Structure formats: structure tokens, C-alpha cells
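Trainee: For the sequence shown, my numbering begins at 19 and goes up steadily by one.
Virtual Cβ for every residue (Gly too), placed ideally from N, Cα, C.
Since we're looking at a predicted model, the values are computed, not measured.
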Amino acid sequence: MNKKNLKVAIVVADKDEYIHIENMFKDVLEADNVGSLVGHKFSVEGNNSNISIKTVCSGIGKVNAACATALLGNDYDLIINIGLSGGFEGSKKHDIVLGDKFYEHDFDLTGIGYELGQKPGQPLCVFADNKYLKDFVSKFSFLKVGSFVTGDSFICSKKQHDLLKDKFNPIACDMESAAVGYAASLLNTPFISLRMVSDGADNSSADNYATTLYGANADAYVKLTFDWLKTL
């Protein structure tokens with residue numbers, strides 16, 4: 019059987035998260051920067067596909083993530099954003115979660131009549147690609163699916179947690195996924211985001227985040243991403 023060719027780009031914000039890719043594929047990585055950002059390329063074999071992988075370490079935050087995604091261009095079949103996130107009801111520390119829709123919780127024109135997160139002339143949220151989302155969940159049924167909220171702040175208080183819960187009822191919060199998703203939509207490229215919950219987006223977030231980032235199985239979400247890609 020002839021295998022199809024797939025081109026996949028992976029956007030990772032934090033260098034302490036990106037290092038898992040460097041360690042996992044150190045024997046096959048080829049340096050291939052994206053503008054001035056650290057990037058690599060390599061290939062993996064899927065069940066039915068030859069998959070060309072392009073990775074980029076964007077830096078933390080929405081602007082960095084959106085710029086990195088835009089710099090990748092539209093020559094991909096799928097863009098994936100991976101990393102750590104804060105968790106909400108429906109997820110707990112070390113759970114791996116998939117986003118189905120993505121909101122920018124810190125975009126605020128409510129003073130002139132818009133919903134929180136709403137940008138004039140744009141949808142309130144962006145969506146994951148339904149085909150890839152369903153495929154991922156069908157093969158790894160332990161995954162939890164829900165809304166992600168994105169903003170340029172580390173959520174580390176119960177007050178912030180409760181405000182986001184009441185408004186968006188998310189399963190996770192992060193600082194990049196909605197930005198990557200929106201940039202991918204402008205590029206007309208399918209997008210998904212997979213995250214491992216590091217903390218509860220509450221008063222103990224800083225300590226829990228650190229123990230997850232540097233703890234045992236810190237690379238579990240990276241391994242799972244490639245376990246799934248190899249089924250394609």
C-alpha cells in the first residue's frame with residue numbers, strides 16, 4: 019500500500035517544554051529555524067502516512083505564539099499546539115486534555131457592548147479541526163475534551179479561576195492555544211491543541227506547575243502526541 023504524505027507543524031511555547039522534543043528525537047532532528055526562533059525538522063512513519071514534522075519554540079504568550087504560527091506559513095496539513103495548562107472542573111493534575119474550542123479570556127470590549135473575548139467582526143471562539151479531534155479521542159479514550167481559555171497571564175488565584183469558570187466553563191487555561199488556533203484559521207490549516215494539566219489555576223498553581231514541569235513523566239503529552247501521529 020502506498021502511504022500518503024502528511025506535513026505537520028508543532029508549536030511549543032516554553033523552552034522547558036520544547037526540550038522534550040529535542041531529547042526524544044535528538045538522533046534525527048535537523049535544525050531549521052523559523053525566522054529567529056528555534057525550530058527543527060524530522061520525519062516519523064505513520065501506519066498509513068509518511069509524516070514530515072516541523073517544530074518551533076515560539077516563546078510564551080499570545081503574540082509570540084501567533085507570530086510563530088504565521089511564520090510557519092500555510093504549507094501544512096495540520097498545526098498542533100502542545101504544552102502545559104492550568105486545569106478546571108473536569109480535569110485534574112497530570113490529565114491530558116484536548117481543546118474543542120478556544121477563547122481569549124483577556125480580550126475585553128465589554129465596555130462598548132461586546133461579549134468578553136469577542137472581537138468586532140470575528141467569531142467569539144476558534145474551533146479545533148473536528149476530524150482530527152475525533153480521531154485522536156477514538157484512539158485514546160482517556161482523553162478529556164473541552165473548552166480552553168487563553169490569555170497573557172498565569173492564572174494563580176481562586177478569584178481568577180472562579181471568574182473564568184463562571185464565564186467560559188473551560189477544562190483548561192493557557193497562554194497560547196487560542197492564538198495558534200486563530201493564526202491557523204487565517205492560514206486555512208486544520209488545528210488541534212493538546213495540553214497536560216500542571217496545576218489547578220488557583221492559589222497553589224505556582225508550586226504545582228513547577229513540580230509538573232520538572233517532575234516524572236513531564237514529557238507525557240509529547241509522547242502521546244507522537245503516539246497518535248504514528249497511527250495516521
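1. Do residue 194 and residue 101 count as a contact pair if the criterion is CB distance below 8 Å?
2. From residue 3 to residue 179, what does the alpha carbon distance come to, in whole angstroms?
3. Compute the distance between the beta-carbons of residue 64 and residue 249, then report whether it is under 8 Å.
4. As a quick exercise: from 87, 184, 20, 165, pick the residue whose alpha carbon is nearest that of residue 213.
5. What runs of the alpha helix (DSSP H), each 4 residues or longer, lie entirely inside the stretch 138 to 217?
6. On the three-pair Cβ rule with 8 Å, is the stretch 116 to 128 touching the stretch 143 to 163?
7. Taking C-beta to C-beta, are residue 116 and residue 163 nearer than 8 Å?
8. With a cut-off of 8 Å, do at least 3 Cβ pairs link the stretch 211 to 229 to the stretch 39 to 49?
9. Taking the continuous alpha helix (DSSP H) assigned at residue 34, which residues delimit it?
10. Quick one: what's residue 73 bridged to in DSSP?
11. Would residue 161 pass as a contact of residue 114 if the rule is Cβ separation under 8 Å?
12. Considering residue 244, what are the terminal residues of the alpha helix (DSSP H) in which it resides?
13. Any idea if residue 127 is buried or exposed, counting beta-carbon neighbours within 10 angstroms, 16 or more meaning buried?
14. Which residues does DSSP list as the beta-bridge partners of residue 103?
15. Could you tell me the alpha carbon to alpha carbon distance between residue 27 and residue 232, rounded to whole angstroms?
16. Mind checking whether residue 93 and residue 157 have CB atoms under 8 Å apart?
Mentor: Walking through what the data contain:
1. yes
2. Any answer about residue 3 is impossible in this case: the structure gives the chain only from 19 up to 250.
3. yes
4. 165
5. 148 to 157, 176 to 186, 195 to 204
6. yes
7. yes
8. no
9. 33 to 42
10. 28, 58
11. yes
12. 238 to 247
13. exposed
14. 215
15. 25 Å
16. no
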